[in-house]
Amino acid sequence: MAQTDNKKFFENLSGAGKAIAVLTSGGDAQGMNAAVRAVVRMGIYVGAKVYFVHEGYQGMVDGGDNIKEATWESVSSMLQMGGTVIGSARCKDFRMHEGRLKAAHNLVQRGITNLCVIGGDGSLTGANLFRKEWSGLLAELVQQGLIDEEASQKYSALHIVGMVGSIDNDFSILAWICKKPMIGMVFALDGEMMLPTVKQDAVFCLSVCASDWVLIPEMPPEDGWEEKMCQKLSALVVQRLGFDTRVTILGHVQRGGTPSAFDRILASRMGVEAVLALLETTANTPACVVSLCGNQSVRLPLMECVQMTQQVQKAMDEKRFEEAVQLRGRCICYILFVTCSSNFNVAVLNVGAPAAGMNAAVRSAVRVGISEGHKMFAVSDGFEGFYKGQIKEIKWADVGGWTGQGGSLLGTKRTLPAKHIDKIAEQMQKYNINALLVIGGFEAFLGIMELLAARATFEELCVPMVMVPATVSNNVPGSDLSIGADTALNAITFTCDRIKQSASGTKHRVFIIETMGGYCGYLASVGGLAAGADAAYIFEEPFDIRELQSNVEHLTEKMKTSIQRGLVLRYLSIYLSIYLNENSNENYTTDFIYQLYSEEGKGVFDCRKNVLGHMQQGGAPSPFDRNFGTKIAAKAMQWISKKLNESYRKGMKDNSYAFHVVMKQTFLKLSIELNHHLTFFLTCAVVHEALSICHLVKA
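At position 420 of the sequence shown (counting the first as 1) the number is 420 in UniProt numbering, and the numbers step up by one without a gap.
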């Protein structure tokens with residue numbers, strides 16, 4: 001129903017008679033091109049004219065060829081490109097009244113009264129000032145005879161929507177991709193102590209790179225920090241410890257590179273939301289900025305956001321650093337290790353298929369557990385290893401270097417516990433296991449449910465149990481996002497980028513691409529959105545031969561049109577793609593769809609099939625998954641500690657049944673609660689929502 005309602009909502013919107021201009025301003029940020037692409041295609045989809053403003057505000061002031069009408073085809077192949085293809089510049093002229101007067105004249109000449117600005121707080125503040133001055137600027141243009149009174153009345157209101165494009169993430173969003181090259185550089189310098197000093201980026205490095213020390217302006221070190229650091233690290237400063245030291249400034253490597261799947265999806269959703277905001281605005285609607293709250297796009301008052309950003313700097317200038325951290329919000333968060341003592345034993349295991357980020361989660365759980373005084377036990381090979389007694393204590397140093405490792409170093413299997421509940425109960429009694437942390441996918445979910453069902457028979461199972469979702473399929477009930485899904489999406493996205501390049505010498509080709517995911521269409525739909533697919537076939541949305549035929553006819557017509565127009569666009573006349581997940585339909589399989597497109601496309605396009613396979617599951621975890629696994633496992637351990645303390649204060653025997661009931665009621669909600677504590681959150685978590693956008697922002 002949600003999908004149907006979204007389609008009706010989009011169909012009822014009309015941008016007829018409206019003109020939208022999009023510009024990028026300030027420093028480059030990966031994902032800007034995806035945002036521009038989404039604004040252009042969503043605008044055209046609803047019937048509006050859309051214009052590029054090249055070179056930011058400077059292009060708006062200069063006018064001429066800097067302001068050009070965009071077409072659907074003009075944003076083809078932009079999705080995977082870093083930086084901004086329409087240019088970005090800081091403009092001194094726009095800061096002056098005369099410059100803004102010229103910009104207003106250039107917009108009115110083209111009938112543009114809707115402006116989408118992608119940039120930082122300075123760019124958005126300038127846009128809001130431009131909006132406030134608009135009526136006065138038009139009056140001046142009338143007085144100077146540059147426009148007539150009719151034009152002044154017709155274009156009397158300027159509507160502004162902002163999207164934050166900044167790698168610093170010091171305003172709101174669009175700051176993810178800078179972490180990927182930065183993390184890669186830090187790991188390439190493994191063995192050398194790094195001192196990142198880039199605000200949230202530094203905190204992020206602390207989380208995903210297992211940094212030993214971090215310095216940020218929002219929380220400067222106390223006096224005497226050098227001695228404390230040397231005592232804790234025992235290696236850093238040549239003069240005091242005699243070790244060799246190197247300093248590496250990452251610089252613009254953080255700003256360059258191909259945007260990640262996260263940034264492409266985030267920017268696409270924000271671009272669509274920006275157009276919707278412009279269509280719904282009135283003359284009295286204040287300027288807004290499109291942001292992200294949880295996994296939903298939201299609109300926030302632009303100047304309130306700007307003022308909050310400025311308050312952070314003011315708090316730092318006045319040395320109110322705790323307030324500065326709070327004002328930053330959840331983008332700066334950290335785990336304070338406070339050594340405690342307890343007599344609790346906690347076991348951690350991986351269940352199901354390997355997922356990138358599992359090791360980061362295990363490392364975080366072990367170290368947080370040890371810091372809270374627990375004795376941590378590692379179970380090898382999932383529930384199978386559990387009943388076989390493959391259990392051993394794991395220490396702080398044992399998980400060193402695990403954050404960037406792919407797969408599951410503990411070992412993981414899909415075996416469910418039901419047939420061996422008695423042996424698992426024996427092992428829990430033998431090792432006196434007081435709590436269980438299971439990191440895995442759907443099998444882990446089922447396994448926990450089987451253990452819960454056996455509590456009435458085996459008292460040893462009446463302990464706190466937590467599941468942390470970790471699967472590339474992202475199909476764990478009750479959770480919006482699983483560890484490993486982002487890495488899989490990046491693998492799909494970057495592989496498809498290479499597939500596009502493979503077709504660069506061959507025109508008119510369609511690729512049929514099969515993703516993993518079983519009966520869950522998350523990877524196919526969201527991966528298709530990130531890579532710019534023309535269609536996505538998934539199990540959740542039944543399709544038949546008529547829909548397949550309609551899509552074939554659409555692609556055929558699209559190819560023929562490109563031939564008639566003589567288009568030589570980078571990928572339009574070269575590459576189109578169809579995504580489907582492996583179990584999307586029992587009969588309309590990948591082979592069937594490939595043969596259908598091959599037969600129907602004869603003489604117009606040829607067809608190729610690609611089954612991405614287990615490459616989606618392997619490899620080093622993405623920065624997102626390292627951060628996600630670290631945070632969610634830490635939160636899970638804190639929850640376990642809380643439940644253990646509550647249980648043993650009341651008496652475990654008296655509390656076990658009550659906890660059983662609570663677990664049944666809250667188990668599905670736990671992972672959602674943990675997800676909302678995260679700074680960065682994958683945007684297209686709901687398959688239907690991703691699909692409705694995918695229909696609009698097609699390649």
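We treat Cβ as the ideally placed atom computed from N, Cα and C, and that holds for glycine.
The distance from the Cβ of Val552 to that of Glu600 is about 5 Å, consistent with a contact at the 8 Å cut-off.
Taking all protein chains in view, the Cβ of Ala283 is surrounded by fewer than 16 other Cβ atoms within 10 Å, so the residue is classified as exposed.
Take Ile147, set aside five residues on each side of it, and the residues of its chain with a beta-carbon closer than 6 Å to its own are Val108 and Leu141, in chain order. Here DSSP, grouped into helix, strand and coil, assigns Asn432 to coil. Within the same chain, Cβ atoms closer than 7 Å to the Cβ of Val85 are found at Asn33 and Met78, the five residues on either side in sequence being excluded.
Proximity to Ile421 across Ala453, Ile433, Trp396 and Ile439 peaks at Ala453, based on C-alpha coordinates.
Runs of the beta strand (DSSP E) lying entirely within the stretch 445–470, each at least 3 residues long, are 465–469 in chain order.
The stretch 467–474 and the stretch 429–445 touch, with three or more beta-carbon pairs separated by less than 8 Å.
Three or more Cβ pairs closer than 8 Å define a contact, and the stretch 114–121 meets that threshold against the stretch 15–24. Burial check for Thr125: the Cβ neighbour count within 10 Å reaches 16 or more, so the residue is buried. Around the beta carbon of Cys520, 16 or more other beta carbons lie within 10 angstroms, which makes this residue buried. Shown here, Leu302 sits in a helix according to DSSP, grouped into three states.
Remark: C-beta atoms of Gly447 and Phe383 approach each other more closely than 8 Å. Between the beta-carbon of Gly619 and that of Ala356 there is about 6 Å, and that keeps the pair under the 8 Å contact cut. Note on geometry: alpha-carbon atoms of Lys423 and Ala636 lie some 26 Å from one another. In this structure, Ser88 is the residue among Arg414, Ser88 and Glu460 with its C-alpha nearest to the C-alpha of Gly56. In the structure shown, His159 falls within a strand segment according to DSSP collapsed to helix, strand and coil.
Taking 8 Å as the cut-off, the beta carbon of Arg269 is found closer than this to the beta carbon of Ser297.
Taken in chain order, the whole alpha helix (DSSP H) runs of length 4 or more contained in the UniProt domain "Phosphofructokinase" (20–172) are 32–45, 56–62, 97–109, 121–143 and 149–154. Here Gly162 is buried. Its C-beta has 16 or more other C-beta atoms within 10 Å. Under DSSP, the beta-bridge partners assigned to Asp606 are Arg509. The beta carbon of Thr590 sits closer than 8 Å to those of Ile512, Glu514, Leu580, Glu582, Lys609 and Val611, all from its chain and outside the five residues before and after it, given in chain order.
Annotation for Gln390: Val379, Ser380 and Asp381 place their beta carbon closer than 7 Å to its own, counting only its chain and skipping 5 residues before and after. About 10 Å separates the beta carbon of Val346 from that of Gly373, a gap too long to meet the 8 Å contact definition. Between the stretch 94–105 and the stretch 40–47 there are fewer than three inter-stretch CB-CB distances shorter than 8 Å, so the stretches are not counted as touching.
Under the three-state reduction of DSSP output, Glu393 falls in the strand class. Collapsing the DSSP output to three states places Lys388 in coil. Looking at the DSSP output, Gln595 sits in no beta bridge, so it has no partner there.
Taken atom to atom, the span from the alpha-carbon of Val61 to that of Leu138 is near 15 Å.
In the displayed model, Val351 falls within a strand according to three-state DSSP. When the beta-carbon positions are compared, Lys49 and Glu73 stay at least 8 Å from each other. Shown here for Ala19: same chain residues with a beta carbon closer than 8 Å to its own, the five before and five after excluded, namely Ala48, Lys49, Val50, Tyr51, Arg110, Gly111, Ile112, Thr113 and Asn114 in chain order.
DSSP, read as helix, strand or coil, puts Gln549 in helix. Between Gly165 and Asp28, the alpha-carbon positions lie close to 8 Å from each other. Taking 8 Å as the upper bound for CB-CB distance, Phe592 and Arg509 are not in contact here, some 19 Å apart. When the Cα atoms are used, Lys430 and Gly83 turn out to be separated by approximately 58 Å.
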